[in-house]
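Q: Reading the sequence shown from the start, the letters are residues -23 to -1, 1 to 136 in mature numbering (1 follows the signal peptide of the UniProt record, and there is no 0).
The C-beta atom is built at its ideal place from N, Cα and C for all residues, glycine as well.
I'd like to ask some things about the structure below.
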Amino acid sequence: MRRLLFLLILPCLAAAAPNGRQAIGQFHGWGAFRDDRPRRCFAAAEPAGRQGSGGAAYVAFWPDAGNRARFSLSLRADPRPGSAILLAVGDRRFQFVARGRDAVPADPRASAAIVAAMRTASAMTVVSRSVRGARLRDDYALAGFPSAVDAAALACARW
């Protein structure tokens, strides 16, 4: 319940908390949501064992921008400038670039590959280095992810 409450109030994708957030469903550790302003739907989760840390993973769909899945991260600490931010999903590795505490795939086309890998893996790991030099590792369980991302995609497809 605390996890769902946190996800309901969590600012998403570096935007101010939007008006009209609706919970679509909770699928294990993943929640699916729909926002009216700005118009978007998303699946989100916090790192395992780090609820309330500020870290989160998102797959968002924007109806006004083609409704393609876009993966992003919120890091739990400011990253060291120029340091690597890596996502491991199964045997796949993806590099990210920081935008403040948020991170997006270095290759803008990678979101589809990330989502596909997440559908079949049981866990994923984000590794980064904080501005203070600490190595940060966040692990995410992927149980419930396929249902959450499908619910978010369907909610935006009906818009």
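What's the C-alpha gap between glycine 31 and arginine 78?
A: About 9 Å.
Q: Under DSSP, the alpha helix (DSSP H) around arginine 96 begins and ends at which residues?
A: 88 to 97 is the extent of the alpha helix (DSSP H) around arginine 96.
Q: Kindly give me the distance between the Cβ atoms of phenylalanine 4 and serine 124, rounded to whole angstroms, as I take these residues to be in contact under 8 Å.
A: Right, the Cβ-Cβ distance comes to about 4 Å (below 8 Å), so this counts as a contact.
Q: Is the distance from the Cβ of valine 66 to the Cβ of alanine 129 below 8 Å?
A: Their beta carbons are not under 8 Å apart, which means valine 66 does not touch alanine 129 by this criterion.
Q: For the alpha helix (DSSP H) that proline 123 lies in, which residues bound it at each end?
A: 122 to 134 is the span of the alpha helix (DSSP H), which, as asked, contains proline 123.
Q: Pick out the complete alpha helix (DSSP H) segments inside the stretch 21 to 93, 4 residues or longer, and give them in chain order.
A: With a minimum length of 4 residues, no continuous alpha helix (DSSP H) run stays inside the stretch 21 to 93.
Q: Would you mind stating whether glycine 6 and alanine -1 have Cβ atoms separated by less than 8 Å?
A: The answer is no: Cβ separation not under 8 Å.
Q: Spell out a yes or no on whether the stretch 108 to 116 and the stretch 86 to 97 are touching, meaning 3 or more CB-CB pairs, one atom from each, closer than 8 Å.
A: No, the stretch 108 to 116 does not touch the stretch 86 to 97.
Q: Report, in whole angstroms, the separation of the C-beta atoms of alanine 20 and valine 126, which I expect to be a contact under 8 Å.
A: Confirmed, Cβ separation roughly 4 Å.
Q: Here's a check: name, in chain order, each residue in its chain whose Cβ is nearer than 6 Å to the Cβ of alanine 87, leaving out the five neighbours to either side.
A: Here the set comprises Phe71.
Q: Would you say aspartate 116 and proline 56 are within 8 Å of each other, going by their C-beta atoms?
A: In this structure, proline 56 does not lie closer than 8 Å to aspartate 116 by Cβ.
Q: In this structure, what does DSSP give as the bridge partners for valine 104?
A: Valine 104 is bridged to Leu63 and Arg114.
Q: I need the straight-line Cα distance from serine 60 to arginine 16, nearest angstrom please.
A: Each residue's alpha carbon lies about 33 Å from the other.
Q: Just tell me which of Asn44, Ala90 and Pro85 has its CA closest to the CA of alanine 98.
A: Considering only alpha carbons, the answer is Ala90.
Q: Check this for me: beta carbons of leucine 131 and valine 103, under 8 Å apart or not?
A: No; because the gap between Cβ atoms is not below 8 Å, this pair is not in contact.
Q: Between which two residues does the beta strand (DSSP E) containing glycine 6 stretch?
A: Unbroken run through glycine 6: none, as it is neither H nor E.
Q: Which residue or residues does DSSP assign as beta-bridge partners of arginine 17?
A: Paired residue(s): Asp12.
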